[in-house]
Amino acid sequence: MTFKIYNTLSKKLENFKPIEKGRVKMYVCGPTVYGRAHIGNLRAYIFADILRRTLEYAGYNVNHVMNITDVGHLVSDADFGEDKMQKAAKESGQTSLQIAEKWTDLFFQDIDKLNIKRANKICKATEHIKEQIDLIKKLEDKGYTYTTSDGVYFDTSKFSRYADFAKLNIKGLRAGNRISMRDKKNKTDFALWKFSKEDEKRDLEWDSPWGKGFPGWHIECSAMCIKYLGETIDIHTGGVDHIPVHHTNEIAQSECATGKKFVNYWLHSEFLLMDSNKKMSKSLRNIIDLDILGSQGIEPLAYRYLCLNSHYRKQLAYGKEVLESAVNSYSKLKKYILSLKDNGTKVIPLNKLGKSAKNYLQEFKKGIFNDLNTPQGLATMWVMIKDDKLSQEEKYTLAIDFDNVLALGIKGMKKEIIDIPNKIMDLFKRRNEARLTKNWGESDRLRDELDSKGFIISDTPKDSKISYKD
Ligand code: AMP
Ligand code: ZN
């Protein structure tokens, strides 16, 4: 079956064909570790994980590389303002490296909870300064750079295809006054190396042929991608916000340095939106992280389910309804799988499946091999579960097979996972107290709250019981 993916480069759905038969070189733009990843950020890594798992499901061997940005990402994605790492360090009284270590650890704890496979190679910007300097030197030798009082810049007017990737309106950018020029030659020019300011105390700075300073944000991805995967790779991912600046700049500097096409397929995931359809972001202070979800009794894999239920190229508006629906569906799935496990249902080899079961296998592939249509994949799973023509063994086998891509933890589901979360038990206790003290208003309100979270309370004259809704 062909695997179709939407390529930002051609703005079309294309049949995926790797450079080397059976192998995929995939680079994922990683997190800037200056704070806790929010669930919007995590959506981008769930998408990259689905992509990797689908490639593996299709039989490819995937070499997955991800960077950690621990220097150089400035407060504005352009090249001015403070370094996000330095700013966080200053605010907390710690060093940038301490900050990076803390948030990197938490990032990996979060992605583990979401069943996101770790990259084969995880590389930090601060550990690849030499590679970044070497790449800048190459660009300098070829005449693509110039130096200002502030740093070494890439001259975008020397790369004629600069605007193509993001369909940038360069004339519009020139006419408008949205981008600060300082002493840059063109508004789209970007920093490859920034000089440390005399009056600024940085805890991250290095010597370079141009003076003491630190690398610009974009150069790290080109340098590490080329180092670990080569000058031309198959797939590069990121969020849609990376298209006009970060990835446009990565293409310019990589292709000018090597003279080769940098990436064959560029894939971008859409935003998670908060109330009033604003992007979830630290700067808008509208963020939610996995701990906040946990405090509401929502487990990480229910959030993964929520993401899978929407296509990665569609914006996803986060809200009470979508959340409740995902929590309910996920707990139904768990109940069903646990009932199969309780009955001692066994997995059978895929070639022993009957014709109807095999059709579901094809249906599932049709969905996910069509630009990672996970909502269709989930829908196929539910129709399959409800199909009386299939045996329990077949259903269990298919669910486990689909979970190679969906990664909802089906194989490892255990009784304790469906134990009622502590936060829910706290609400239930408060509801019992309200009932005992005949505070009927509060008691009803708490019952409704539990109901909205997928739990049902049954009262008897003696006591009350709580359970998952069917
Ligand atoms: P950062 O750590 O800021 O470099 O961002 C990490 C990833 O999160 C990038 O791929 C961004 O595109 C992505 N991202 C940031 N905000 C959102 C959001 N609200 N929804 C989805 N992805 C996001
Ligand atoms: Zn990047």
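Residue numbers (the working numbering): 377 to 846. Glycine included, every Cβ here is placed at the ideal spot set by N, Cα and C. Keep in mind it's a predicted model, so treat the numbers as computed, not measured.
- With 5 angstroms as the limit, the residues whose C-beta approaches a heavy atom of ligand 2 more closely than that are C405 and C597, in chain order.
- Between N545 and G615, the alpha-carbon positions lie close to 21 angstroms from each other.
- Judged by their CB atoms, C632 and Y529 are not nearer to each other than the 9 angstroms cut-off.
- Taking the Cβ of V616 as the reference point, at least one heavy atom of ligand 1 falls within a distance shorter than 8 angstroms.
- Remark: the C-beta of N417 is in contact range of ligand 1, defined as less than 8 angstroms to any heavy atom.
- In the structure shown, the three-state DSSP call for W593 is helix.
- With a cutoff of 8 angstroms, T445 counts as near ligand 1, since its C-beta is closer than that to a heavy atom of the ligand.
- Bounds of any alpha helix (DSSP H) do not take in E390; it lies within the beta strand (DSSP E) bounded by K388 to N391.
- Rounded to whole angstroms, K728 and N719 show a C-alpha spacing of 20 angstroms.
- H449 has its Cβ nearer than 8 angstroms to a heavy atom of ligand 1.
- Under the three-state reduction of DSSP, D610 is assigned to strand.
- In this structure, I627 places its C-beta atom within 9 angstroms of the C-beta atom of F541.
- Within a 10 Å sphere around the beta-carbon of V621 sit 16 or more other beta-carbons, which makes this residue buried.
- Spanning the alpha carbons of Q672 and E700 requires a straight line of approximately 11 angstroms.
- Here the alpha carbons of G817 and K841 stand approximately 19 angstroms from one another.
- Between K513 and P585, the beta carbon gap of about 7 angstroms places them in contact (Cβ cut-off 8 angstroms).
- For N808, there is no enclosing beta strand (DSSP E); the enclosing alpha helix (DSSP H) has its first and last residue at N798 to L812.
- Between ligand 1 and the CB of M402, the shortest heavy atom gap is not smaller than 8 angstroms.
- When DSSP reads this structure, W569 sits in a beta bridge with V528 and P591.
- Nearest in C-alpha terms to P797, of all of T773, V447, M760 and V703, is V703.
- Rounded to the nearest angstrom, the Cβ distance from T384 to W642 is 4 angstroms, consistent with a contact under 8 angstroms.
- Close CB contacts of R419 within its chain, under the 6 angstroms cut and outside five residues either way in sequence, are with L648 and C683 (chain order).
- Across the structure, D827 and I833 are spaced so that their CA atoms are roughly 8 angstroms apart.
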